[in-house]
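K.L.:
Following this message is one structure expressed as structure tokens.
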Amino acid sequence: MRKLLVKDAASAVRVIQQQIGRSEDARYDHRLHGVLLVAKGYDCYEVAEILGHSPTTIENWVNTYNTRGVEGLHDDSRPGRPSRISDAVKDQIDHDLRKNPRDLGYSQNLWDGKLLSHHLKERYQITLGIRQAQRLFHQLGFRQRKPRPVISRGDPVAQEAFKKTCRTGEG
Numbered sequence: 215m216r217k218l219l220v221k222d223a224a225s226a227v228r229v230i231q232q233q234i235g236r237s238e239d240a241r242y243d244h245r246l247h248g249v250l251l252v253a254k255g256y257d258c259y260e261v262a263e264i265l266g267h268s269p270t271t272i273e274n275w276v277n278t279y280n281t282r283g284v285e286g287l288h289d290d291s292r293p294g295r296p297s298r299i300s301d302a303v304k305d306q307i308d309h310d311l312r313k314n315p316r317d318l319g320y321s322q323n324l325w326d327g328k329l330l331s332h333h334l335k336e337r338y339q340i341t342l343g344i345r346q347a348q349r350l351f352h353q354l355g356f357r358q359r360k361p362r363p364v365i366s367r368g369d370p371v372a373q374e375a376f377k378k379t380c381r382t383g384e385g
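Going by the numbering used here, the sequence shown opens with residue 215, and the numbers climb by one from there.
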């Protein structure tokens, strides 16, 4: 059988390694292949060269397999950074978000990331960026609404007649 070549091999290696890194199952299978190659007689340096890792990484996979078996090759949980906002404070924020911002002394009618970020700093002494405040909306089960644009000097009677559906479900 003749030797096969992959077109643009360097690019293919990069793409395949990115795909392996994106999936937990693929990373697990990748580790299994690494341990399998060592079990077949390859040394850690050869396996590291083939799989694109350091020999130390391959050695760690083999040691993990030897102590914990195949289950040890699964990704450990990665809980991430702990939240700066306690559950009790999240409940209070949830309660605040259910109110109209005007009821809390703000000049807006709708909550947005900028206003929530400001509110958290003023009321709870919690500093969150706008994007993190937007994420907090979603964590608490809210969605952000944007105000409908209002046509200046528009005729309200003509606008009501133009609407496709009535507000109260009539007609």
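Beta carbons are placed, not taken as given, at the ideal position from N, Cα and C, and that holds for glycine.
Treat the numbers as computed from the prediction; the structure is a model and nothing was measured.
(1) Going along the chain, which unbroken runs of the alpha helix (DSSP H) with 4 or more residues stay wholly within the region 340 to 373?
(2) Who are the near neighbours of residue 326 in its chain, counting only those whose CB is closer than 7 Å to its CB and skipping five residues on each side?
(3) Are there three or more Cβ pairs, one per stretch, closer than 8 Å when the region 284 to 304 is compared with the region 312 to 320?
(4) What three-state label does DSSP hand residue 233 in the structure shown?
(5) By Cβ distance, which residues of its chain are closer than 8 Å to residue 242, with the 5 residues on each side in sequence left out?
(6) Specify, as a first and last residue, the run of the alpha helix (DSSP H) that residue 247 falls within.
(7) Nearest to residue 302 by CA position, among 354, 233, 336 and 223, is which residue?
(8) Closest to residue 337 by C-alpha separation, out of 232, 349, 309 and 216, would be which residue?
(9) Can you find the residues in the same chain that come closer than 8 Å, C-beta to C-beta, to residue 323, ignoring five residues on each side of it along the sequence?
(10) Residue 261 by DSSP, collapsed to three states: which one?
(11) Note the first and the last residue of the continuous alpha helix (DSSP H) segment covering residue 306.
(12) Should residue 184 be labelled buried (16 or more other beta-carbon atoms within 10 Å of its own) or exposed?
(13) Just curious, the alpha helix (DSSP H) that residue 331 is in, first and last residue?
(14) Rounded to whole angstroms, what is the Cα-Cα separation between residue 224 and residue 249?
(15) Within the same chain, show all residues whose beta-carbon is closer than 7 Å to that of residue 299, passing over the 5 residues directly before and after it, in chain order.
P.N.:
Once the coordinates are examined:
(1) 344 to 353
(2) Along the sequence shown, one-based indexing puts residue 326 at 112. 358, listed in sequence order.
(3) no
(4) Against the sequence shown, residue 233 aligns to sequence position 19. In the structure shown, residue 233 sits in a helix (DSSP, three-state: H, G or I).
(5) Within the sequence shown, the letter at position 28 stands for residue 242. Correct list, in chain order: 287, 288 and 289.
(6) The sequence position of residue 247 within the sequence shown is 33, counting from 1. Note, residue 247: alpha helix (DSSP H), 238 to 253.
(7) To locate residue 302, count along the sequence shown from 1; it is residue 88. When each option's Cα is compared against that of residue 302, the closest is 354.
(8) Counted from its first residue, the sequence shown places residue 337 at position 123. Ranking the options by Cα distance to residue 337, first place goes to 309.
(9) Your numbering for residue 323 matches position 109 in the sequence shown. These residues qualify, in order along the chain: 314, 315, 316 and 361.
(10) Taking the first residue of the sequence shown as 1, we reach residue 261 at position 47. Here residue 261 sits in helix by DSSP.
(11) Residue 306 sits at position 92 when you count from the first residue of the sequence shown. Unbroken alpha helix (DSSP H) run through residue 306: 301 to 311.
(12) This structure leaves residue 184 out entirely; the chain is present only between 215 and 385.
(13) Counting from one through the sequence shown, the residue named residue 331 turns up at place 117. Here the alpha helix (DSSP H) through residue 331 covers 327 to 338.
(14) Position 10 of the sequence shown, counted from the first residue, corresponds to residue 224. Position 35 of the sequence shown, counted from the first residue, corresponds to residue 249. Taking the straight line from one Cα to the other gives about 24 Å.
(15) As a working mapping, residue 299 is identified with position 85 in the sequence shown. For residue 299, where only same-chain residues beyond five positions count, the Cβ hits under 7 Å are 340.
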